[in-house]
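Below: one structure, written as structure tokens.
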Amino acid sequence: MTFKLKSMPYAISCLVASGALVGMNPALAQQEPAQGQAIQRVVVTGSLISRADTETPTPVQVLTAADIQKSGKTSVAELLTDLAANGAGTLGTGFSGAFANGASGISLRGLTVGATLVLIDGHRMASYPLSDDSQRSFVDVSSIPFDAIESIEVLKGGASATYGSDAIAGVINIKLKKNLKGTRLSADYGDTEHGGGKTRRGSISTGIGDLDADGYNAFITAEWRRQEPIMVADRDQYGWANRDWTSRGGNNLTLGVPTSLNNFLTAASVPFLFNTDGAGGANNPANFQFLDPSCNYTLYRAGGCSVRDTVTFIQPPTKNLNVLIGMTKKLNEDWEVAFKGSMFKRESYNNRGVPYTYSPDSYAGNTTLINGVLTGGVNAIPNTRFAPGARVGAGVTNNLGGNASLYGYIPGANTERTSDNDTVASRFSVDLTGSAYGWDVSASAGATRVRTNIEYSGYINRVALYNAINAGTWNVVGGNSPDLVAQVAPYFSNKLTSTLNYADLVGSRELMQLGAGPLSVAAGVHWHEREQNAPPSSLTLNGLVASTSPFTIGDETNSAVFAELRANPIKDLEVGVAGRYDHYDTYGNSFTPSANFKWTPIQQVGVRGTFARGFRAPNPAEVGNAGSFFTFNAIDDPIRCAQGGGTETTIPAGTVPTSCGINPPYVQTTSPSLSPEKSKSYTLGVILEPIRGLNMSLDYYNIKISNLIVTRAGNDPSFVPTWVRGAPVPVQIATGNGDETVLGVPPVGPILYAESPYINAGSTKTHGIEADVRYRWRLPSDMGSVSANLSAAHTFGYETEVAGVSYQLAGTQGPSSVGGATGNPKNRAQFTLGYTRGPLDVMATVNYTSGFSTIDPALGATDCASTALDVGGRTYFRRLVQPDYYCNVSSFTTTNLNLQYKINENLTLRAAILNLFDKEPPYDVATYGNANAQTSYNASLHQAGAIGRFYSLGVNYTF
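One point on numbering: in the working numbering, the residue at position 559 of the sequence shown is 584, and numbering is uninterrupted.
As structure tokens, then:
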């Protein structure tokens with residue numbers, strides 16, 4: 026039989042024709058039970074009422090434990106990142122500069138991690154103590170172990186009427202195992218083809234008792250996982266991980282290489298002194314005093330004293346140790362109680378690159394934020410130069426005959442802004458379910474907590490450093506005692522916690538017959554208390570070192586009542602309404618209604634739709650005692666670089682080159698009077714089953730969020746920063762004679778910061794379509810069966826509006842000020858093709874992400890002549906014309922292959938190859954969401970390309 030999809034919309038047809046296929050398993054209609062067999066009813070995410078038909082009015086994607094096993098992935102974060110519905114603002118582990126680095130969050134429909142609610146067994150979980158972009162609360166999915174998961178349900182629609190705050194774009198409900206019999210052992214080993222990234226995983230699960238026969242079941246599952254790092258140095262043979270852009274029409278940004286961008290003065294492999302009073306400036310070798318014979322002026326100017334970055338991570342090292350314990354006990358025929366306790370521990374190690382360098386002329390100091398009071402220039406050092414004949418630490422004298430600046434990396438210090446992160450997410454829950462007086466009742470309570478200990482290093486106490494140099498106790502070349510290094514580059518720690526305790530009571534029943542079926546009702550109450558205690562570290566608080574992590578101290582209490590009705594007023598028509606009333610002690614009250622329907626005029630065709638209002642309550646990071654320091658783009662200092670940075674060979678007179686193309690710091694401040702974000706959303710879709718085994722769904726979605734909570738910088742076109750500056754100090758200033766500079770004092774000091782408060786402003790609207798196709802057929806002559814799954818998402822539009830100005834961001838880099846400039850591609854897809862015969866199971870998965878422009882219209886850009894600098898803050902083409910090739914990020918397609926073979930009833934072998942064809946990531950010069958300026962790819966969308974081909978072997982044994 027031949028079936029042609031003549032009615033498939035054009036956008037999806039294009040995706041299919043181009044190979045842009047994404048396979049996500051839709052929740053299929055349940056088959057009719059055998060005669061005499063009881064109809065199984067389940068509660069699907071997004072509803073409180075159990076049902077036999079799992080194809081709901083709201084699109085729900087289900088990933089079973091078998092799907093997870095066949096994916097070849099080794100973590101939940103990797104698995105969910107490939108969702109076609111995951112979009113702009115997603116948080117991955119490859120963004121080492123993220124405020125919440127080391128953690129992972131999902132952004133359904135591209136509306137940020139703050140608009141996607143993540144549940145564990147249908148209940149809220151404490152958020153990660155460090156907020157995304159220092160603002161948005163999210164649950165870290167990277168800490169949840171594979172072997173503890175029964176299934177993952179992804180609800181792709183607004184659900185605040187059921188779950189309350191944050192469920193604007195959708196809900197991800199991770200269902201943990203409920204019971205287990207027997208014992209299962211599992212082990213995996215994987216490695217990359219190009220070096221780094223070895224992954225080892227082992228688990229054991231065991232359970233006793235049969236719930237029906239014995240009246241109880243108890244189990245425990247434990248998992249250990251270790252992933253080694255992938256260094257930038259492991260991939261610097263590729264252009265997207267190399268700082269030298271000269272062959273691509275750009276600048277040479279290799280560390281230690283002097284160019285006009287750095288005034289031919291930059292820290293190199295060997296420290297050196299530079300005579301700031303000498304004639305000829307950096308072009309005169311007599312003005313240099315190298316402090317080690319391995320480098321001299323000739324080598325230095327030829328780039329022979331460069332520094333290779335061997336410390337920055339493309340993929341940070343992680344360790345996981347996870348334990349889940351559960352017990353379910355039947356109390357009688359109608360009631361049972363279930364207990365679960367879990368401890369998920371994750372260790373990760375992140376940094377931002379090579380160690381800090383000496384301050385050549387001065388040090389502008391640090392900015393502190395204490396209880397809302399900003400102080401700039403703390404511990405500033407106005408002059409770090411050394412007089413002629415002066416001692417420059419131990420064993421070094423300034424022999425240049427003039428005041429000298431010291432250039433070089435600080436020896437003994439750890440890598441820049443290093444954080445050794447130890448996070449433990451713990452959860453204890455009790456669920457009581459049963460029936461009484463005609464009601465199905467569920468009562469739940471839980472205590473959840475995420476504790477993060479961070480040990481910081483790689484930060485410099487500049488006061489201690491220059492005191493030691495001037496006292497002659499610090500050797501600027503190296504070899505200092507550990508005690509002295511500890512004073513200059515201290516190790517210090519901080520403890521952060523996030524807790525959420527909850528209680529829920531829900532009852533449901535059939536009230537009466539109405540029309541063609543029963544009128545069902547569910548009602549319940551919810552309470553949770555949340556506290557976020559992430560104080561600033563002690564050395565940041567007093568300004569001895571630069572800012573570390575954002576700090577948030579605050580709490581909230583939420584109580585809610587909610588209800589849902591569902592009926593079949595006529596044959597084949599299901600309608601439902603729901604509503605929820607929430608009270609928050611931080612701002613007040615919200616009421617969110619919803620309505621939905623599903624009409625099945627014939628067995629092969631169904632039509633469904635939903636309407637929902639939603640909200641996101643202001644969280645402690647937005648209204649509590651909180652603050653952070655951030656950068657996101659590049660500008661020319663409006664005073665010290667008023668005429669721009671000039672050309673490759675000429676710099677305008679009076680320009681301070683180091684103030685051109687800078688990433689200015691902003692201070693994020695809270696606003697206690699913020700109102701909640703509000704949303705309206707609707708979906709309309711069709712469900713088709715034209716032939717047996719072929720299931721299709723196509724859904725249109727439209728979501729508008731108003732009253733957005735945003736920081737003014739990068740979001741409000743009318744925002745003009747009020748720059749707070751340090752004191753004017755001597756610095757290199759252009760003479761106007763080519764690129765020559767001399768030491769001088771500019772009229773104003775350097776930019777220290779500008780405040781950027783949170784505001785309620787504008788709106789975001791996104792609309793698009795999502796298609797899911799699933800087909801399974803048996804081959805003749807008992808040759809096995811083949812399955813094909815397709816899931817694709819296309820965004821028609823993603824518009825933001827602030828202060829009356831609207832921007833279309835679909836298919837662009839915007840909004841770049843959110844979530845690390847992840848990009849906003851219009852199309853994402855996944856296609857899976859499987860073959861099963863007897864003990865053999867083979868699965869191929871193709872993941873596709875379309876290309877997009879590097880322009881961010883929200884920043885006022887209209888062309889891509891300088892998007893690397895204006896959007897990403899990268900100087901790849903500073904003072905040059907950015908080639909048109911880098912105006913767009915190319916599409917990216919990877920293929921994964923997974924094979925399983927069941928040797929016998931107990932033993933199963935597995936093998937997988939991720940990124941089978943070893944596809945490299947495309948260039949994205951406008952993102953800052955990766956390791957550092959050495960990497961020019963999008964770590965949120967294209968991390969699989971940076972990792973490269975990955976092989977793994979595994980084994981399962983059950984008994």
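The beta carbon of each residue, even a glycine, is placed where N, CA and C say it ideally should be.
Mind checking which residues open and close the beta strand (DSSP E) that includes residue i?
i, result
"V550", "G542 to A559"
"E175", "I174 to L180"
"D603", "A small fix is needed here, since residue 603 is Ala in this sequence, not Asp. Start and end: L598 to Y609."
"A77", "A77 -> no beta strand (DSSP E), and no H or E assigned at all."
"P154", "Looking at the DSSP string, P154 is not in any beta strand (DSSP E), and its letter there is neither H nor E."
"P626", "G613 to I627"
"V362", "E361 to N375"
"T231", "T224 to I233"
Near residue i, which residues of its chain fall below 6 Å by C-beta distance, leaving aside the five closest residues on each side in sequence?
i, result
"A363", "T353 and D456"
"P342", "E253, P254 and Y374"
"K927", "P864 and T933"
"P436", "G503"
"W249", "G227 and L346"
"F289", "P283 and A307"
"S451", "M368 and R474"
"R209", "S230 and T983"
"V1019", "With the chain covering only 26 through 984, there is no way to say anything about residue 1019."
"S731", "K703 and S788"
Thinking C-beta only, is residue j closer than 8 Å to residue i?
i, j, result
"A243", "R605", "no"
"Q855", "V871", "yes"
"Y481", "S444", "yes"
"C889", "S875", "no"
"V550", "L536", "no"
"G568", "A651", "no"
"L978", "A936", "yes"
"G401", "P413", "no"
"K944", "F917", "yes"
"T789", "Y707", "no"
"A429", "N300", "yes"
"D447", "G532", "no"
"E175", "K203", "yes"
"G739", "F657", "yes"
"P84", "K623", "no"
"D949", "V914", "yes"
"V602", "A620", "yes"
"E361", "T458", "yes"
"Q907", "R268", "no"
Assuming residue i is part of the alpha helix (DSSP H), what are its boundary residues?
i, result
"G305", "Neither: G305 is in no alpha helix (DSSP H) and is coded neither H nor E."
"G970", "Q968 to I972"
"P507", "P507 to V513"
"D895", "T892 to D895"
"V488", "R487 to A496"
"Q94", "A90 to K95"
"L905", "Careful: L905 lies outside any alpha helix (DSSP H) and carries neither H nor E."
Going along the chain, which residues of its own chain have a beta-carbon closer than 8 Å to the beta-carbon of residue i, five neighbours each way excluded?
i, result
"G718", "Y800, R801 and W802"
Since residue i and residue j should fall inside the 8 Å C-beta cutoff, what is the C-beta to C-beta distance between them, to a whole number of angstroms?
i, j, result
"V295", "G418", "In fact, because the Cβ distance is near 14 Å, the residues do not count as touching under 8 Å."
"A514", "G483", "7 Å"
"A951", "Q838", "5 Å"
"S6", "T279", "What the structure shows of the chain is the stretch from 26 to 984, and residue 6 is not part of that stretch, so it cannot be assessed."
"D661", "G669", "6 Å"
Which same chain residues end up closer than 7 Å to residue i when comparing Cβ atoms and leaving out the 5 residues on each side of it in sequence?
i, result
"L530", "A468, G549 and V550"
"C666", "T680, V681, S684 and C685"
So is the beta-carbon of residue i under 7 Å away from any non-hydrogen atom of the ligand PLP?
i, result
"S211", "This structure simply doesn't include the ligand PLP, nor any ligand for that matter."
Practice prompt. Examine the Cβ distances between the region 328-343 and the region 110-123 and report whether three or more of them are shorter than 8 Å.
Written response: yes
Item to complete: Give a yes or no on contact between the region 466-484 and the region 401-411, applying the rule of three or more CB pairs nearer than 8 Å.
Response: no
Fill in: Contact the region 590-607 vs the region 537-544: 3+ CB pairs below 8 Å
yes
Worksheet item: Are the region 188-203 and the region 306-313 touching by the rule of at least three beta carbon pairs closer than 8 Å?
Response: no
Worksheet item: Contact between the region 710-730 and the region 628-636: three or more CB pairs below 8 Å?
Response: yes
Fill in: Three CB pairs or more closer than 8 Å across the region 962-980 and the region 938-952
yes
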